[in-house]
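Working notes, structure below.
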Amino acid sequence: MAVTIDARLFSDDAIAPETRQLNADLLARIEATTDPWTFEPREIRAMRALGIGPFPLAPRSARAETQTIEGPHGPIDLRIIRPLSGQAKGVYLYIHGGGWVWGTADGSDPRLEHIADVCGYVGVSVEYRLAPEHPYPKGPDDCEAAALWLVREARERFGTTHLAIGGESAGAHLSVVTLLRLRDRHALTPFAGANLVAGVYDLNLTPSARAWGESRLVLNTRDLEMFVRHFLLRGGSTADPDISPIHAKLDGLPPALFSIGTKDCLLDDSLFMAARWQAAGNEAELAVFPGGAHVFQGFPSRIAEESHRRMDDFFMRIAAQAD
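The numbering of the sequence shown is the numbering used here, which starts it at 109 and goes up by one.
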């Protein structure tokens, strides 16, 4: 697969009525809530844990296990969801989103259960440290430690060495940073694929992120600025490839699926990174969904189902290539 851009996907006429209604409902729901930046991050986390806010709380998996590993800043919990039956085809190292400030390892349990049972991958979700209490580089350090643990332990614990990595938004960012760290710091390229959903790859903000403005359709320009401020509370240059991987040398990285909606302020991040990924000699596939808001995959709709099918196909394709 290769990066191709069909201009028709970006037309307003390409947006399905269902998607328009979903966006309108999301915007109304979000605008009816208090600006989250009037609260401390820990308060937002506590409210989200109780299901308070514009987004529904995902049900927790009853079959998830917790493995605690050692990291450079202390213990790290990994949430593990195995396929219900059969030998695992691979392991998916999943890194959650939330602007490096919010989110939890159990927030995508239903999706990881699906990937386990439909695609045959063990899901391993990282409970990495969050800013501003634990700013850069602690979150990326935890993800690096989890990846190194998986490289060492996957065969014995899960019966496979076929590995994939990915996540949404800040989780996609941390996935790419982890790939680069393993390549550059450890001379390791163990991952066979990267599932990168609505990632943020330039913390100085791409044109679409800067131009988005105040619309609260899931994520806006101010949100991004606040997330970056919290993440880099103790400093760091947005030109550093370890912080903004859009600036990195990208050769020697695995096949990647970039998924993005056209009504996402991070649209340019995926367009730019997918093109750079392919230009560096890597396989890249760009899946653009007309009218999709930021991480629209979390809200029931036809385009969410289509996006999930594309991801499932990607997981199964890279597993078949490893056989």
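C-beta: ideal position from N, C-alpha, C; glycine also.
Neighbour-count burial assignment, Arg187, 16 or more Cβ in a 10 Å radius: Stepping through the sequence shown from its first residue, residue 187 is reached at position 79. That one is buried.
What's the call for Gly399, buried or exposed, on a 16-neighbour Cβ count within 10 Å? As a position in the sequence shown, residue 399 is number 291, starting the count at 1. With 16 or more Cβ atoms within 10 Å of its Cβ, Gly399 is classed as buried.
Counting C-beta neighbours from all protein chains within 10 Å, is the total for Gln405 16 or more, i.e. buried, or is it exposed? Locating residue 405 in the sequence shown gives position 297, counting from the first residue. By the 10 Å Cβ count, Gln405 comes out buried.
Name the residue from Ile113, Leu304, Ala300, Arg324 whose alpha carbon lies nearest to the alpha carbon of Ala280. As a first step, residue 280 must be located in the sequence shown, where it is residue number 172. The shortest C-alpha separation from Ala280 is found at Leu304.
On the DSSP bridge assignment, give the partners of Ile273 in chain order. Locating residue 273 in the sequence shown gives position 165, where the first residue counts as 1. Leu201, Ala302, per the DSSP bridge assignment.
In the DSSP assignment, find the beta strand (DSSP E) that holds Ala392 and state where it starts and stops. Position 284 of the sequence shown, counting from 1, holds the residue named residue 392. Ala392 -> beta strand (DSSP E) spans 392–401.
Please state whether the Cβ-Cβ distance between Pro240 and His355 is less than 9 Å. Position 132 of the sequence shown, counted from the start, is the residue given in the question as residue 240. Position 247 of the sequence shown, counted from the start, is the residue given in the question as residue 355. No, they are not a contact pair.
To the nearest whole angstrom, what separates the beta carbons of Ala300 and Ile368, a pair I think is in contact under 8 Å? Looking up residue 300 in the sequence shown gives position 192. Looking up residue 368 in the sequence shown gives position 260. Incorrect: roughly 22 Å between the Cβ atoms, too far for contact.
How would you call Pro408, buried or exposed, if buried means at least 16 neighbouring beta carbons within 10 angstroms? Your numbering for residue 408 matches position 300 in the sequence shown. By the neighbour-count rule (16 or more Cβ atoms within 10 Å), Pro408 is not buried but exposed.
Tell me, which residues are paired with Ser169 by DSSP? By one-based count along the sequence shown, residue 169 stands at place 61. Beta-bridge pairing links Ser169 to no other residue.
Taking C-alpha atoms, which residue in Leu325, Ser233, Leu340, Pro315 lies nearest to Thr141? Numbered from 1 along the sequence shown, position 33 holds the residue referred to as residue 141. The candidate whose alpha carbon is nearest that of Thr141 is Leu325.
Could you round the C-beta distance between Arg418 and Ala395 to whole angstroms and report it? I think they count as a contact, below 8 Å. Here residue 418 is taken as the residue at index 310 of the sequence shown, counted from 1. Here residue 395 is taken as the residue at index 287 of the sequence shown, counted from 1. That belief holds up - the Cβ atoms of Arg418 and Ala395 are roughly 5 Å apart, short of 8 Å.
Pairing CB atoms from the stretch 243–257 with CB atoms from the stretch 209–224, are three or more of them under 8 Å? no
Between Val132 and Ile138, what straight-line distance do the alpha-carbon atoms span, to the nearest angstrom? To locate residue 132, count along the sequence shown from 1; it is residue 24. To locate residue 138, count along the sequence shown from 1; it is residue 30. Sequence inspection shows Ala at residue 132; the Val mentioned does not correspond to that position. Going by the C-alpha atoms only, they are around 10 Å apart.
Going by DSSP, what residue range makes up the alpha helix (DSSP H) through Leu287? Mapped onto the sequence shown, residue 287 falls at position 179. Element bounds for Leu287: 278–294.
Gly231 and Ile189: beta carbons closer than 9 Å? To locate residue 231, count along the sequence shown from 1; it is residue 123. To locate residue 189, count along the sequence shown from 1; it is residue 81. In this structure, Ile189 lies closer than 9 Å to Gly231 by Cβ.
Taking the C-alpha atoms as reference points, what is the distance between Trp385 and Asp350? Translated into positions along the sequence shown, residue 385 becomes position 277. Translated into positions along the sequence shown, residue 350 becomes position 242. Going from the Cα of Trp385 to the Cα of Asp350 covers about 16 Å.
Whole-angstrom Cβ separation of Thr314 and Asp372, contact assumed at under 8 Å? Residue 314 sits at position 206 when you count from the first residue of the sequence shown. Residue 372 sits at position 264 when you count from the first residue of the sequence shown. At roughly 11 Å, the Cβ-Cβ gap does not stay under 8 Å, so Thr314 and Asp372 are not in contact.
Cross-strand partners of Ile368 (DSSP beta bridge): Taking the first residue of the sequence shown as 1, we reach residue 368 at position 260. Beta-bridge pairing links Ile368 to Val396.
If I follow the unbroken alpha helix (DSSP H) through Ser374, where does it start and stop? Residue numbering aside, residue 374 sits at position 266 when the sequence shown is read from its first letter. Reading the sequence as shown, one finds Leu at residue 374 and not Ser. No alpha helix (DSSP H) contains Leu374, which DSSP labels as neither H nor E.
Let me know the secondary structure DSSP gives Ile177 once reduced to three states. Residue numbering aside, residue 177 sits at position 69 when the sequence shown is read from its first letter. DSSP places Ile177 in strand when its eight states are reduced to three.
Here's a check: name, in chain order, each residue in its chain whose Cβ is nearer than 6 Å to the Cβ of His402, leaving out the five neighbours to either side. Counted from its first residue, the sequence shown places residue 402 at position 294. Excluding sequence neighbours, His402 sits near Ala306, Val326, Leu327, Asp372.
Put Ala160 into one of helix, strand or coil per three-state DSSP. For the purposes of this step, residue 160 is taken as residue 52 along the sequence shown, with counting starting at 1. Note that residue 160 corresponds to Ile in the displayed sequence, not to Ala. Coil at Ile160, not helix or strand.
Taking only three categories from DSSP, how would you classify Arg260? As a first step, residue 260 must be located in the sequence shown, where it is residue number 152. Helix, per DSSP.
Take Gly215 as the anchor and find which of Ile123, Leu358, Pro164 has the nearest alpha-carbon. Counted from its first residue, the sequence shown places residue 215 at position 107. Selected option, being the one with the closest Cα: Pro164.
Can you give me the Cβ contacts of Ser415 inside the same chain, cut-off strictly under 7 Å, excluding the 5 residues immediately before and after it? Mapped onto the sequence shown, residue 415 falls at position 307. So the qualifying residues of the chain are Ser367, Ala395, Phe397, Gln405.
Span of the alpha helix (DSSP H) around Glu221: Position 113 of the sequence shown, counting from 1, holds the residue named residue 221. From DSSP, the alpha helix (DSSP H) with Glu221 extends over 217–222.
Can you name the start and end residues of the beta strand (DSSP E) that Leu238 belongs to? As a first step, residue 238 must be located in the sequence shown, where it is residue number 130. Run containing Leu238: none; DSSP gives neither H nor E here.
Are the Cβ atoms of Ala319 and Leu365 separated by less than 9 Å? For the purposes of this step, residue 319 is taken as the residue at position 211 of the sequence shown. For the purposes of this step, residue 365 is taken as the residue at position 257 of the sequence shown. No, they are not a contact pair.
State the CB to CB distance for the pair Ser277 and Val308, rounded to an integer number of angstroms; the pair is presumed to be in contact (CB under 8 Å). Along the sequence shown, read from residue 1 onward, the residue named residue 277 stands at position 169. Along the sequence shown, read from residue 1 onward, the residue named residue 308 stands at position 200. Right, the Cβ-Cβ distance comes to about 6 Å (below 8 Å), so this counts as a contact.
DSSP-derived helix/strand/coil call for Ile189: Working through the sequence shown from its first residue, we reach residue 189 at position 81. The answer is strand: DSSP assigns Ile189 an E or B state.
Please report the Cβ distance between Leu108 and Leu271, rounded to the nearest whole angstrom; I am assuming they are in contact, meaning their Cβ atoms lie under 8 Å. Residue 108 is absent from the model: the chain starts at 109 and stops at 431.
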